[in-house]
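Chains as they are written, first to last, in this note's numbering: chain A, 84 to 354; chain B, 1080 to 1339. We treat Cβ as the ideally placed atom computed from N, Cα and C, and that holds for glycine. Because the structure is a prediction, the values reported are computed rather than measured.
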């Protein structure tokens, strides 16, 4: 990769309780590209986004955004840095006491001194881009899951950020909204020249729009490369994941005692 | 045996760290410059936390005052001292019952609602997304609610006291026939502004801070699942009620302990 680097993750270690989530992860997110981070459920993909956003602190290692170490910043500088980031949450995370319009206007009202008329124009432009200009007076509780995520996308890019973090943008969507979201993310990225980090395990959709892919498993980067190279990768982990095989290095069964012995366990030893 | 000691140690450490977190949380949310935006958010919370608690405070205050008069009369009349009814009703309300009962009602009505509201915001990632937009939820969500609780409980306490005294009047004077002049003049003679009214207000300020602090902290610190929210809501009501009753004893001892 010769592109300039926007986000650099160096030797990242992170654990929750006694479970190690990351054991030395190194990543480089190139400027202006869509980088996907993939991996089986429970590998800490969302945790990685939270580490990049500075909401969690790593045990060891560094995360540099545009050369600044996220976890060495003061609370104030961290909030300043976050103004240059947008994040699309899995649940949408719209503010339930504000309507669609005010949700998208929220970051503008907080961070800019723009007059109301201009805020209105910007919000309508963003809502038009996600096709929900007509839904601007609805409350979040009146939106379908797909619509909520589109509003959240409009809100995430309201301030024209440099970096957008997508947390599982395709989870739980019907095929139509899935297609809409894939197109939207691609389009928005191209139009605004954003750097995008997308965490996902929807292989087909993700590979179709990502420029570069990292696969994480067992707390480490298993493989990385362009979508084309990953499709022909021979590593067992990568193959199981990319081709969706039920059993492989990631076992189908949760660790358990021998099935036969378990069934025949004498009464009184049930657990 | 070792296991019990270890469990005790862990529980102590957990409690200490929770107290530390709660302290930091309070300082970080309260210490900030006032702004116009903050004022609007505070006003909205005053409505939700304060105004919407008025009905329950009115009804409870009225009944407590009426019961006080009824009970007090039956005791006082035995000593031929039923003229002192006004004094008894007013002193028990102003010094004790208004601050304490209003705070308990407040914990049940507004405290539990605050915990559930903030908890649900946390569970639906609204707090995280606010942080990611670059807005500190401690300032925007927690601070207006804390201030609203701190300001509205003393006001509710005054309302409680006034309605209670009126309830006592209804029962004592209108129903049981205590002489109206002695009801009011005995009250006027015996209730001291600084010793009684002001001390009662100090109590309700302390209760307002503690109850709201517990409520917002429990909401902010909970485990974001439905079980977590239900537990935190229960904890708010239990901890806040116990804190009010415990602090009431301490404050009463400090305020009135040397009067005897």
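For residue i, count the other beta carbons within 10 Å of its own beta carbon; 16 or more makes it buried, fewer makes it exposed. Which is it?
i              : result
residue 291/A  : exposed
residue 1201/B : buried
residue 1126/B : exposed
residue 1086/B : exposed
residue 176/A  : buried
residue 143/A  : exposed
residue 337/A  : exposed
residue 141/A  : buried
residue 199/A  : exposed
residue 170/A  : buried
residue 1094/B : exposed
residue 350/A  : exposed
residue 287/A  : exposed
residue 1140/B : buried
residue 309/A  : exposed
residue 1309/B : exposed
residue 124/A  : exposed
residue 266/A  : exposed
residue 1124/B : buried
residue 120/A  : buried
residue 270/A  : exposed
residue 102/A  : exposed
residue 1081/B : exposed
residue 296/A  : buried
residue 201/A  : exposed
residue 1282/B : buried
residue 1305/B : exposed
residue 57/A   : The structure shown does not extend to residue 57/A, since chain A is modelled only from 84 to 354, so the question has no answer here.
residue 1205/B : buried
residue 1271/B : exposed
Which residues does DSSP pair with residue i in a beta bridge?
i              : result
residue 117/A  : 279/A
residue 102/A  : 99/A
residue 1330/B : DSSP lists no partner for residue 1330/B.
residue 110/A  : 92/A
Please tell me whether residue i and residue j are closer than 8 Å, where the distance is taken between their beta carbons.
i              : j              : result
residue 312/A  : residue 115/A  : no
residue 209/A  : residue 241/A  : yes
residue 129/A  : residue 293/A  : no
residue 187/A  : residue 218/A  : no
residue 300/A  : residue 326/A  : no
residue 109/A  : residue 90/A   : no
residue 302/A  : residue 105/A  : yes
residue 1294/B : residue 1121/B : no
residue 193/A  : residue 1214/B : yes
residue 179/A  : residue 223/A  : yes
residue 1279/B : residue 1148/B : no
residue 1232/B : residue 1185/B : yes
residue 215/A  : residue 233/A  : yes
residue 1300/B : residue 1089/B : no
residue 1298/B : residue 1194/B : yes
residue 1155/B : residue 1164/B : yes
residue 1276/B : residue 1326/B : no
residue 1182/B : residue 1317/B : no
residue 1142/B : residue 1246/B : yes
residue 132/A  : residue 204/A  : no
residue 1108/B : residue 1222/B : yes
What is the C-beta distance between residue i and residue j, in whole angstroms, given that I count them as a contact (C-beta under 8 Å)?
i              : j              : result
residue 1239/B : residue 1289/B : Not really, about 18 Å apart at Cβ, beyond 8 Å.
residue 1340/B : residue 1209/B : Here chain B has residues from 1080 to 1339 only, and residue 1340/B is not among them.
residue 1312/B : residue 1191/B : 5 Å
residue 1144/B : residue 1172/B : 7 Å
residue 184/A  : residue 153/A  : The pair is not a contact, with the Cβ atoms about 32 Å apart (cut-off 8 Å).
residue 254/A  : residue 173/A  : 6 Å
residue 281/A  : residue 244/A  : 14 Å between Cβ atoms; not a contact.
residue 1137/B : residue 1242/B : 6 Å
residue 1178/B : residue 1236/B : 5 Å
residue 1151/B : residue 1131/B : That pair is no contact at about 32 Å.
residue 122/A  : residue 298/A  : 6 Å
residue 318/A  : residue 305/A  : 7 Å
residue 1230/B : residue 1162/B : Between residue 1162/B and residue 1230/B the Cβ distance is about 37 Å, and since that is not below 8 Å, they are no contact.
Can you give, in chain order, each stretch of the alpha helix (DSSP H) that sits fully within the stretch 241-320 of chain A and has at least 4 residues? Those alpha helix (DSSP H) runs which fall completely within the stretch 241-320 of chain A and span 4+ residues are 258-275, 286-292 and 310-314.
Of all the beta strand (DSSP E) runs that stay within the bounds of the stretch 115-196 of chain A, which reach a length of 3 or more residues? The DSSP assignment places 117-121, 143-148 and 168-171 as complete runs of the beta strand (DSSP E) inside the stretch 115-196 of chain A, in order along the chain (cut-off: 3 residues).
Ignoring anything shorter than 3 residues or poking outside the stretch 1091-1161 of chain B, list the beta strand (DSSP E) runs there in chain order. For the stretch 1091-1161 of chain B, not a single whole beta strand (DSSP E) run of length 3 or above is found.
Go through the stretch 1171-1245 of chain B residue by residue and report every complete run of the alpha helix (DSSP H) that reaches 4 residues or more, in order. Assignment of alpha helix (DSSP H) within the stretch 1171-1245 of chain B, counting only whole runs of 4 or more residues, yields 1177-1185, 1191-1202 and 1205-1212 in chain order.
Which parts of the stretch 1256-1287 of chain B are runs of the alpha helix (DSSP H), unbroken and 4 residues or longer, counting only runs that do not cross its ends? Fully enclosed alpha helix (DSSP H) runs of 4 or longer: 1259-1269.
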